[in-house]
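Protein chains in written order, with full-length UniProt numbering: chain S, 1 to 150; chain Z, 1 to 150.
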DNA sequence: CGTGAAATTATATAAGT
DNA sequence: ACTTATATAATTTCACG
């Protein structure tokens with residue numbers, strides 16, 4: 001993971017569908033070398049996934065919400081996190097220090113589907129307390145902090 | 001935006017670097033048609049960005065935090081959101097209902113760099129109040145809720 | 001809108017430095 | 001590790017249903 005890898009990763013985080021040929025021009029390396037480095041970043045698990053950022057409203061998700069959730073006891077952790085992974089409307093979930101145990105980010109069709117999801121979450125074994133915030137506007141939504149390659 | 005578009009978008013959200021040839025096999029459409037639909041999704045702004053999910057620890061970001069921030073007055077909104085966009089350590093920022101105005105997600109090298117960033121944020125004009133939570137574990141981190149194409 | 005074939009690019013492989 | 005050259009595969013363009 002040297003500065004060349006960081007430059008390549010930065011290119012991919014800005015546009016993961018650009019060709020190795022384009023990347024090779026910005027980082028000044030041969031195409032074959034760029035491809036080999038990308039493969040290594042994938043094998044090492046530095047690149048976990050290639051994905052897209054989609055416009056939520058345009059795909060029919062009009063409601064974004066954050067939800068704080070607490071568990072009665074850590075023994076419920078595994079079952080809870082499984083539900084997080086399995087539910088496609090839950091786009092992010094962090095285990096936290098503080099008053100609540102988890103912070104969830106939810107993207108869903110309407111306040112009605114949010115209410116359904118809220119009921120699902122409250123009925124997960126061990127969930128004791130929740131608090132929901134509506135997102136009025138997503139100012140920024142990324143996944144990866146890519147500092148500049150020095 | 002029909003069910004075929006949703007299927008293609010789901011493929012890309014799972015792996016944005018897979019070829020149109022592969023996608024054409026899963027969605028049962030010709031390669032040229034898949035490419036044309038992808039271009040249309042891009043032009044319509046349904047696809048906002050192609051990006052990667054990187055392992056934060058492996059790229060040297062050992063600290064993830066959520067920060068709640070309040071502004072004294074909405075007139076500071078534009079300047080605040082500009083800082084959000086410009087700072088690469090701030091990976092997400094939502095404008096919220098509730099006690100605080102914004103929820104930030106921060107990924108940074110160490111608690112020292114978090115402290116520096118905290119100081120930067122507190123010194124933005126209009127920022128009145130902040131509250132920081134440490135993320136102990138990222139259970140899930142995505143950007144896009146992709147419901148199944150019916 | 002969709003397909004299929006030809007032309008253009010990109011990627012993968014291998015040999016040499 | 002990187003480069004160059006070659007082989008394989010993907011994408012783009014376009015004429016046509």
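Idealized CB from N, CA, C, for every residue including glycine. The structure presented is a predicted model; accordingly, all values stated were derived computationally and were not measured.
Taking a beta-carbon distance threshold of 9 Å, residue 53/S counts as an interface residue toward chain Z.
Under a criterion of Cβ atoms nearer than 7 Å, the residues of chain Z adjacent to residue 81/S are, in order, 139. Going by C-alpha positions, residue 110/S is about 9 Å away from residue 60/S. For residue 5/S, the enclosing alpha helix (DSSP H) stretches over residues 3 to 14. Look at residue 85/S: its C-beta is under 9 Å from a C-beta on chain Z. Look at residue 116/S here: in three-state DSSP terms it is helix.
Beta-bridge partners assigned by DSSP to residue 107/S: 64/S. With a threshold of 16 other beta carbon atoms within 10 Å, residue 114/Z meets it and is buried.
Taking 8 Å as the upper bound for CB-CB distance, residue 108/S and residue 91/Z are not in contact here, some 21 Å apart.
The stretch 79 to 87 of chain Z makes no contact with the stretch 118 to 131 of chain S, as fewer than three CB pairs between them are under 8 Å. If you check the CB distance, residue 132/Z and residue 94/S do not come in under 9 Å.
Distance from the CA of residue 1/S to the CA of residue 99/S, rounded to the nearest whole angstrom, comes to 37 Å. Note on geometry: alpha-carbon atoms of residue 127/S and residue 76/S lie some 8 Å from one another. When the beta-carbon positions are compared, residue 62/S and residue 37/S stay at least 9 Å from each other.
Secondary structure at residue 100/Z: coil, using DSSP grouped into helix, strand and coil. Within the stretch 114 to 129 of chain S, contact with chain Z at the beta-carbon level (separation under 8 Å) is assigned to no residue. Excluding five sequence positions before and after residue 73/Z, the CB atoms of its chain that fall closer than 8 Å to its own CB belong to 126, given in chain order. For residue 76/Z, there are no neighbours in chain S by C-beta distance under 7 Å, as the nearest C-beta there is about 13 Å away. Residues 100, 101, 102, 104, 121, 127 and 130 of the same chain have their beta carbon placed closer than 7 Å to that of residue 69/Z, with the five preceding and five following residues left out of the count. With the criterion set as a beta carbon lying under 9 Å from some beta carbon of chain S, the members of the stretch 12 to 35 of chain Z are 12, 13, 14, 15, 16, 17 and 18, in sequence order.
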